[in-house]
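Trainee:
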Amino acid sequence: MNNGTLFSLALGLQSPWEVKEIKFVHAESKRKELHLQIGFAVGARFADEAGNLCGVYDTVELTWQHLNFFEHTSYLHCAVPRIKTSAGKVINVAVPWACANSGFTLLFEALVLAMIEREMPVDRVAELMQVNPQCIWTIFNHWVGKALMQTILLLLASWVSINFHAQRAQLCHGGS
């Protein structure tokens, strides 16, 4: 098994995604870094919003900070494919390791949230994760906002269901 395959398995990448290149770097700040270049198979096709498979239109280079690999700060780099949808719109393909417009992987964000959940101060989380505290707040606010929206939608759906059944019962039992 080669290193690219090993890191692809460790990241849980599935076809057409794979680790193409691995670089260990000793940065000027004496910080050790691991850079993984992720690519996709030549000729790969990706589904648009309608579920239609589309060829790659072009790519855009993006980077995400990942969980540390031992003492190395880790980064994933990828020329993310953009596709032209069946509706004629050019969009970025959603990558399986990160949310759109995030500079961090999902695993990085999950660890941040787990530390905050255990009541660790944001400044300490930022120090451990080697990022600015504002990055931690951005991650926290994103996921709390998403959870809040889901809660609101569930409550609204419950209210609509209860209201529907109450009105139906009223009609069935001769109410006005």
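Residues 1 to 176, numbered by the working numbering, are exactly what the sequence shown covers, in order.
Glycine is no exception: its CB is placed at the ideal position from the N, C-alpha and C atoms.
Given the structure is predicted, the values throughout are model-derived calculations rather than measurements.
#1: Looking only at its chain, what residues have a beta carbon closer than 8 angstroms to the beta carbon of Ala-126, apart from the 5 residues adjacent to it on each side?
#2: So what's Cys-135 in DSSP terms, helix, strand or just coil?
#3: Can you tell me which of Ala-44, Ala-87, Trp-17 and Tyr-75 puts its alpha carbon nearest to the alpha carbon of Ala-50?
#4: Could you give the DSSP three-state label for Gly-43: helix, strand or coil?
#5: Once you ignore the five residues that flank Val-122 on each side, which residues in its own chain have a CB closer than 8 angstroms to its CB?
#6: Please give me, in chain order, every unbroken run of the alpha helix (DSSP H) with length at least 4 that falls completely inside the stretch 72 to 132.
#7: Alpha carbon to alpha carbon, how far is His-77 from Leu-148?
#8: Identify which residue in Gln-65, Gly-43 and Leu-34 has its Cα closest to the Cα of Lys-23.
#9: Helix, strand or coil for Gln-65 per DSSP?
#10: Who are the Cβ neighbours of Pro-96 in its own chain at under 8 angstroms, not counting the five residues just before and after it?
#11: Report the rounded CA-to-CA distance for Lys-84 versus Lys-30, giving the unit in angstroms.
#12: For Lys-177, write down the residues that DSSP places opposite it in a beta bridge.
#13: My output table needs one value for Leu-155: the three-state DSSP class, helix, strand or coil.
#14: Using the Cα positions of His-26 and Ala-79, report the straight-line distance between them to the nearest angstrom.
#15: How many Å lie between Cys-99 and Pro-81 at the Cα?
#16: What three-state label does DSSP hand Leu-148 in the structure shown?
Mentor: Short version:
#1: The residue given as residue 126 occupies position 126 in the sequence shown. Excluding residues within five positions, the ones whose Cβ falls inside 8 angstroms are Asn-132, Pro-133, Cys-135 and Ile-136.
#2: Along the sequence shown, one-based indexing puts residue 135 at 135. Helix at Cys-135.
#3: Stepping through the sequence shown from its first residue, residue 50 is reached at position 50. Considering only alpha carbons, the answer is Ala-87.
#4: Translated into the one-based positions of the sequence shown, residue 43 becomes position 43. It is coil, neither helix nor strand.
#5: Here residue 122 refers to the residue found at position 122 when the sequence shown is read from its first residue. For Val-122, where only same-chain residues beyond five positions count, the Cβ hits under 8 angstroms are Ile-116, Pro-133, Ile-136, Trp-137 and Phe-140.
#6: 106 to 117 and 122 to 129
#7: As a position in the sequence shown, residue 77 is number 77, starting the count at 1. As a position in the sequence shown, residue 148 is number 148, starting the count at 1. For His-77 and Leu-148, the distance between alpha carbons rounds to 31 angstroms.
#8: To locate residue 23, count along the sequence shown from 1; it is residue 23. Comparing Cα-Cα distances from Lys-23 to each of Gln-65, Gly-43 and Leu-34, the minimum goes to Leu-34.
#9: For the purposes of this step, residue 65 is identified with residue 65 of the sequence shown, where counting begins at 1. Gln-65 falls in the strand class under three-state DSSP.
#10: For the purposes of this step, residue 96 is taken as the residue at position 96 of the sequence shown. Correct list, in chain order: Gly-12, Leu-13, Gln-14 and Trp-17.
#11: Here residue 84 refers to the residue found at position 84 when the sequence shown is read from its first residue. Here residue 30 refers to the residue found at position 30 when the sequence shown is read from its first residue. Distance between the alpha carbons of Lys-84 and Lys-30 is about 43 angstroms.
#12: In this structure the chain extends from 1 to 176, so residue 177 is not present and cannot be described.
#13: By one-based count along the sequence shown, residue 155 stands at place 155. Reduced to three states, the DSSP call for Leu-155 is helix.
#14: Reading the sequence shown from its first residue, position 26 is the one you call residue 26. Reading the sequence shown from its first residue, position 79 is the one you call residue 79. Taking the straight line joining both Cα atoms gives about 23 angstroms.
#15: Position 99 of the sequence shown, counting from 1, holds the residue named residue 99. Position 81 of the sequence shown, counting from 1, holds the residue named residue 81. Going by the C-alpha atoms only, they are around 15 angstroms apart.
#16: As a working mapping, residue 148 is identified with position 148 in the sequence shown. Reduced to three states, the DSSP call for Leu-148 is helix.
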